[in-house]
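**Student:** The structure follows.
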Amino acid sequence: MKSIFLLLFVVFSSLANAQTLPPPPAMANLSQQKLIDEFIEVSHYKEALINYATDYLELKRFDYSADPPKELLTKEQIQSIINNFNFDNFKISIHSSFSFISEKNLKELIQFHKSIGGVLSKRNTTFLITPDIDLNIKNQMDYAIENIQK
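For reference, each letter of the sequence shown is one residue, going -18 to -1, 1 to 132 in mature numbering (1 follows the signal peptide of the UniProt record, and there is no 0).
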């Protein structure tokens, strides 16, 4: 009888531990949010992120494992995906990722981008990105590809 109770205790304990939720995403405080929004504006981050997403979609355009390569996405489909991208909703990911940057460093990033006119490279394709932002934008683009092909 003791062994049955012990077994039930172990089973219920492991189930309770298995259902713990992941920690909530990091969030920027109000001061950081304002600085991050200013950084987004002065660095032309939206344009750079859209350029990055467009380049990613171009890489996904053809299946090169087929002979001859098979077109998976048309230029019109890529443009449709980009046109429907909601940057304002994506800002949550940016705020979360950049919440680990100190306010002092955010201010310095803003000043740096102001001093160079906000664009690091031709076509504004070089920009500050984190692995989370990279993963989130690629997941959004992959999801859009799946939906456009249905």
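We put the beta carbon where it would ideally sit given N, CA and C, even for glycine.
(1) Of the residues I130, F80 and I115, which one's Cα is nearest the Cα of L31?
(2) Can you give the Cα-Cα distance for E90 and K96, rounded to whole angstroms?
(3) Going by the CB atoms, is the gap between N33 and T107 shorter than 8 angstroms?
(4) Taking C-beta to C-beta, are I64 and T36 nearer than 8 angstroms?
(5) So, helix, strand or coil for T112, using DSSP?
(6) Name, in chain order, the residues that DSSP records as bridge partners for D45.
(7) Can you check which of these residues, F109, E29 and S81, is closest to N68 by C-alpha distance?
(8) Can you tell me whether Y46 is buried or exposed, with buried defined as 16 or more other CB within 10 angstroms of its CB?
(9) Please say whether L39 and I60 have beta carbons closer to each other than 8 angstroms?
**Tutor:** Looking at the atomic coordinates:
(1) With respect to the C-alpha of L31, the residue from I130, F80 and I115 having the closest C-alpha is I115.
(2) About 10 angstroms.
(3) It is a contact, given that the beta carbons lie within the stated cut-off.
(4) Yes, they are a contact pair.
(5) Here T112 sits in coil by DSSP.
(6) Looking at the DSSP assignment, D45 forms a beta bridge with K52.
(7) Shortest Cα-Cα distance from N68 to any of F109, E29 and S81 involves E29.
(8) Exposed, since its Cβ has fewer than 16 Cβ neighbours within 10 Å.
(9) I60 places its beta carbon less than 8 angstroms from that of L39.
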